[in-house]
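Trainee: Protein chains in written order, with this note's numbering: chain L, 1 to 105; chain F, 106 to 572. Positions of the beta carbon are idealized from the N, C-alpha and C atoms, including for glycine.
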């Protein structure tokens with residue numbers, strides 16, 4: 001566990017340890033976690049920058065309502081990370097504005 | 106098109122209880138939920154990949170929820186998880202989307218149990234990373250066992266603040282303070298109504314005592330003012346507020362924190378009941394719109410029921426009781442239950458709801474939202490988080506003559522984003538009411554349109570509805 005790890009120690013045995021790629025960097029995650037939970041646990045706060053003001057946004061409602069925790073997941077923009085489970089090798093990228101589709105904005 | 110005797114939408118306490126009651130009587134039930142697991146927010150379960158060596162150390166709602174979920178599974182209910190109910194057409198056609206496919210079904214009866222979400226409250230800094238809702242913080246801790254931060258300020262109103270603070274402390278976080286907007290004066294006034302509900306009172310008292318024993322200040326009559334930080338929360342400022350929750354200047358107090366949890370109560374999710382065409386009315390005592398219902402919880406559309414927090418926020422006990430009643434009424438409508446049994450069970454369910462009504466009244470009165478809550482934002486505070494429209498931009502439209510939320514939407518894009526106006530709608534109605542000097546009940550709501558949640562075009566194209 002890293003210094004930044006915000007995971008609560010007990011009394012739960014988490015799922016299998018996996019690795020997700022966040023902006024190209026390896027971040028540990030446990031099977032069963034959502035992308036948002038894994039990122040927050042690892043100390044990541046800015047999930048996207050807004051289209052109009054380029055302001056940082058993150059996890060807010062945590063139940064799929066507010067659409068603020070959107071990121072690029074496996075190359076697809078506007079994915080709610082609070083509702084998306086992690087998978088080994090999952091590619092997650094900070095979303096800039098409206099994001100990109102297959103490399104095109 | 107396939108026909109289902111009863112479609113229940115929402116797998117929290119209300120929807121589970123409805124599915125259970127109907128299925129037990131022999132009704133063919135389909136239960137739909139957007140999440141990967143049943144439970145909703147209150148009964149939210151751990152991911153299936155997580156193991157619990159000692160469940161006695163987890164909050165009691167884990168076990169309570171798991172028992173109810175297992176009962177519903179054992180009854181052979183058709184479970185549709187990871188599935189969004191994105192529209193109701195003609196009061197009986199339910200549109201579902203899951204992955205890359207959509208399907209329409211004919212519901213002979215429809216029980217909506219959509220739940221509620223945290224009342225969105227704009228204040229300077231409310232979009233900064235590290236600021237999250239009480240519901241969001243609870244999910245993070247309950248389901249994923251992850252803390253929102255190391256040193257956290259909790260501000261809002263209602264019993265959930267105590268629960269959140271307790272979870273934070275249990276998880277090893279430091280709680281800078283718990284700020285309750287209600288003055289909570291003269292609590293003895295509520296004694297006659299609380300006497301039959303001493304279990305709830307005891308629960309609240311226990312949380313409060315544990316928080317005090319941990320040395321966390323519980324500050325009454327305090328409200329969030331602003332949150333500071335460049336790319337994430339570094340500081341939160343609160344102040345005293347009057348009985349109407351209007352902040353009192355000169356009483357500010359700052360806390361260096363890395364997370365802020367905000368919980369000024371909840372508002373019902375009305376998207377599906379409004380799309381279906383049910384009549385709604387504004388209830389000032391809970392500052393929200395609710396569907397009009399008969400004592401059997403049927404809406405103004407025959408065969409369409411709304412139960413639980415989605416019909417007016419009242420918590421899990423009321424939600425379960427309402428779900429049970431609606432499931433029973435549906436069973437009777439479909440001729441699945443003997444009249445005598447129905448009479449006995451219905452009287453019991455309605456009695457349970459009458460019993461809980463007293464507790465509900467105390468909560469509504471004690472934590473009644475003060476209008477000052479909608480005056481925390483300044484002109485540059487985002488009102489619409491999706492489209493990044495500020496309070497000032499919305500107010501300018503209102504001053505130029507916009508009188509309805511949909512007009513402000515057309516003029517400014519407020520409410521046009523992916524959340525479908527859920528985050529800005531309640532505040533916008535108050536801004537219009539205040540500026541125009543009209544009651545908020547007269548202002549109305551955004552026009553509701555499908556889809557209630559974004560659905561990929563690939564799913565809309567791939568319609569698997571049986572012909």
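Compare the C-alpha of residue 276 of chain F against each of F/352, F/177 and F/164 and name the closest.
Mentor: On the second chain, residue 276 of chain F is found 171 positions in, with the first residue counted as 1. Among F/352, F/177 and F/164, the Cα nearest to that of residue 276 of chain F belongs to F/164.
Trainee: Please classify residue 293 of chain F as buried or exposed, where buried requires at least 16 neighbouring CB atoms within 10 angstroms.
Mentor: Locating residue 293 of chain F in the second chain gives position 188, where the first residue counts as 1. Exposed is the call here.
Trainee: Does the distance from the C-beta atom of residue 180 of chain F to that of residue 128 of chain F stay below 8 Å?
Mentor: Your numbering for residue 180 of chain F matches position 75 in the second chain. Your numbering for residue 128 of chain F matches position 23 in the second chain. Contact flag set, yes.
Trainee: Measuring only between beta-carbons, confirm whether residue 81 of chain F sits less than 8 Å from chain L.
Mentor: This structure cannot speak to residue 81 of chain F, because chain F is shown only from 106 to 572.
Trainee: In this structure, what does DSSP give as the bridge partners for residue 323 of chain F?
Mentor: Counted from its first residue, the second chain places residue 323 of chain F at position 218. Per DSSP, F/283.
Trainee: For the beta strand (DSSP E) holding residue 371 of chain F, just list the boundary residues, first then last.
Mentor: For the purposes of this step, residue 371 of chain F is taken as the residue at position 266 of the second chain. Residue 371 of chain F -> beta strand (DSSP E) spans 371 to 373.
Trainee: To the nearest angstrom, how far is it from the Cα of residue 521 of chain F to the Cα of residue 338 of chain F?
Mentor: Position 416 of the second chain, counted from the start, is the residue given in the question as residue 521 of chain F. Position 233 of the second chain, counted from the start, is the residue given in the question as residue 338 of chain F. One C-alpha to the other measures close to 27 Å.
Trainee: Helix, strand or coil for residue 469 of chain F per DSSP?
Mentor: Working through the second chain from its first residue, we reach residue 469 of chain F at position 364. Residue state, collapsed to three classes: helix.
Trainee: Considering Cα atoms alone, identify which of L/91, L/98 and L/99 is closest to residue 23 of chain L.
Mentor: Residue 23 of chain L sits at position 23 when you count from the first residue of the first chain. It is L/91.
Trainee: With distances taken Cα to Cα, identify the nearest neighbour of residue 473 of chain F among F/455, F/495, F/348 and F/558.
Mentor: Locating residue 473 of chain F in the second chain gives position 368, counting from the first residue. It is F/348.
Trainee: Hey, could you find the ends of the beta strand (DSSP E) residue 385 of chain F is sitting in?
Mentor: To locate residue 385 of chain F, count along the second chain from 1; it is residue 280. Per DSSP, residue 385 of chain F belongs to the beta strand (DSSP E) from 385 to 388.
Trainee: Under 7 Å Cβ-Cβ, which residues of chain F neighbour residue 96 of chain L?
Mentor: Stepping through the first chain from its first residue, residue 96 of chain L is reached at position 96. Neighbours of residue 96 of chain L on chain F: none; closest Cβ ~14 Å, over 7 Å.
Trainee: What residue ranges within the segment 145 to 230 of chain F form continuous alpha helix (DSSP H) runs of no fewer than 4 residues, ordered along the chain?
Mentor: If we require 4 residues or more, the alpha helix (DSSP H) runs fully inside the segment 145 to 230 of chain F come out as 165 to 179.
Trainee: Got a sec, what are the start and stop residues for the alpha helix (DSSP H) residue 264 of chain F sits in?
Mentor: For the purposes of this step, residue 264 of chain F is taken as the residue at position 159 of the second chain. From DSSP, residue 264 of chain F is part of no alpha helix (DSSP H); its letter is neither H nor E.
Trainee: Can you check whether the C-beta of residue 346 of chain F is within less than 8 Å of a C-beta belonging to chain L?
Mentor: Your numbering for residue 346 of chain F matches position 241 in the second chain. No, residue 346 of chain F does not count as interfacial toward chain L.
Trainee: Is residue 30 of chain L helix, strand or coil when you go by DSSP?
Mentor: Against the first chain, residue 30 of chain L aligns to sequence position 30. Strand at residue 30 of chain L.
Trainee: Within 10 angstroms of its Cβ, does residue 249 of chain F collect 16 or more other Cβ (buried), or is it exposed?
Mentor: Taking the first residue of the second chain as 1, we reach residue 249 of chain F at position 144. Result: buried.
Trainee: 8 Å is my cut-off, CB to CB: does residue 88 of chain L come that close to chain F?
Mentor: Along the first chain, one-based indexing puts residue 88 of chain L at 88. No, its Cβ sits nowhere closer than 8 Å to a Cβ of chain F.
Trainee: Measuring CB atoms only, is the segment 54 to 73 of chain L touching the segment 5 to 17 of chain L, in the sense that at least three cross pairs come out at less than 8 Å?
Mentor: Segments in contact, no.
Trainee: Relative to the C-alpha of residue 334 of chain F, which residue among F/408, F/289, F/230 and F/402 is closest?
Mentor: To locate residue 334 of chain F, count along the second chain from 1; it is residue 229. Nearest option by C-alpha distance: F/230.
Trainee: Using a beta-carbon distance below 8 Å, is residue 163 of chain F in contact with chain C?
Mentor: Among the protein chains of the structure shown, namely L and F, there is no chain C.
Trainee: Compute the Euclidean distance between the alpha carbons of residue 444 of chain F and residue 433 of chain F, then round it to the nearest angstrom.
Mentor: Working through the second chain from its first residue, we reach residue 444 of chain F at position 339. Working through the second chain from its first residue, we reach residue 433 of chain F at position 328. One C-alpha to the other measures close to 11 Å.
Trainee: For a test of the three-state rule: what should DSSP assign to residue 525 of chain F, helix, strand or coil?
Mentor: Numbered from 1 along the second chain, position 420 holds the residue referred to as residue 525 of chain F. Of the three classes helix, strand and coil, the one that applies to residue 525 of chain F here is coil, per DSSP.
Trainee: Please report whether the beta-carbon of residue 65 of chain L lies at a distance below 8 Å from any beta-carbon of chain F.
Mentor: Taking the first residue of the first chain as 1, we reach residue 65 of chain L at position 65. Judged by the 8 Å Cβ criterion, residue 65 of chain L is in contact with chain F.
Trainee: What number of angstroms, rounded off, separates the C-alpha of residue 359 of chain F from the C-alpha of residue 563 of chain F?
Mentor: Here residue 359 of chain F is taken as the residue at index 254 of the second chain, counted from 1. Here residue 563 of chain F is taken as the residue at index 458 of the second chain, counted from 1. The alpha-carbon atoms of residue 359 of chain F and residue 563 of chain F are separated by roughly 49 Å.
Trainee: How many Å lie between residue 426 of chain F and residue 55 of chain L at the Cα?
Mentor: Taking the second chain and counting its residues from 1, one reaches residue 426 of chain F at position 321. Taking the first chain and counting its residues from 1, one reaches residue 55 of chain L at position 55. Approximately 44 Å between the Cα atoms of the pair.
Trainee: Determine the contact status of residue 412 of chain F and residue 378 of chain F, defining contact as a CB-CB distance below 8 Å.
Mentor: Taking the first residue of the second chain as position 1, residue 412 of chain F is located at position 307. Taking the first residue of the second chain as position 1, residue 378 of chain F is located at position 273. Taking 8 Å as the Cβ cut-off, residue 412 of chain F and residue 378 of chain F do not qualify as a contacting pair.
Trainee: Where do the N-terminal and C-terminal ends of the alpha helix (DSSP H) with residue 39 of chain L fall, by residue?
Mentor: The residue you call residue 39 of chain L lines up with position 39 of the first chain. From DSSP, the alpha helix (DSSP H) with residue 39 of chain L extends over 35 to 41.
Trainee: In three-state DSSP terms, what is residue 305 of chain F?
Mentor: Within the second chain, residue 305 of chain F is the residue found at index 200, counting from 1. Helix.
Trainee: Is residue 194 of chain F buried or exposed, if buried means 16 or more other CB atoms sit within 10 Å of its CB?
Mentor: Locating residue 194 of chain F in the second chain gives position 89, counting from the first residue. Flag for residue 194 of chain F reads exposed.
Trainee: Which residues of chain L have a Cβ atom closer than 8 Å to the Cβ of residue 411 of chain F, listed in chain order?
Mentor: In the second chain, counting from the first residue as 1, residue 411 of chain F sits at position 306. Here the premise fails: no neighbours, minimum Cβ distance about 18 Å.
Trainee: Does the segment 341 to 356 of chain F touch the segment 193 to 207 of chain F, meaning 3 or more C-beta pairs lie closer than 8 Å?
Mentor: Touching, no.
Trainee: Secondary structure at residue 135 of chain F, three-state DSSP: helix, strand or coil?
Mentor: Here residue 135 of chain F corresponds to residue number 30 of the second chain, with the count starting at 1. If DSSP states are grouped into helix, strand and coil, residue 135 of chain F belongs with the strands.
Trainee: Would a C-beta distance cut-off of 8 Å place residue 267 of chain F and residue 222 of chain F closer than the cut-off?
Mentor: As a working mapping, residue 267 of chain F is identified with position 162 in the second chain. As a working mapping, residue 222 of chain F is identified with position 117 in the second chain. No; because the gap between Cβ atoms is not below 8 Å, this pair is not in contact.
Trainee: Alpha helix (DSSP H) containing residue 510 of chain F: first to last residue?
Mentor: As a first step, residue 510 of chain F is located in the second chain; it is residue number 405 there, counting from the start. Element bounds for residue 510 of chain F: 510 to 517.
Trainee: Under 8 Å, do residue 115 of chain F and residue 219 of chain F count as touching if we go by C-beta distance?
Mentor: Walking along the second chain from the start, residue 115 of chain F turns up at place 10. Walking along the second chain from the start, residue 219 of chain F turns up at place 114. Cβ distance < 8 Å, so residue 115 of chain F and residue 219 of chain F count as in contact.
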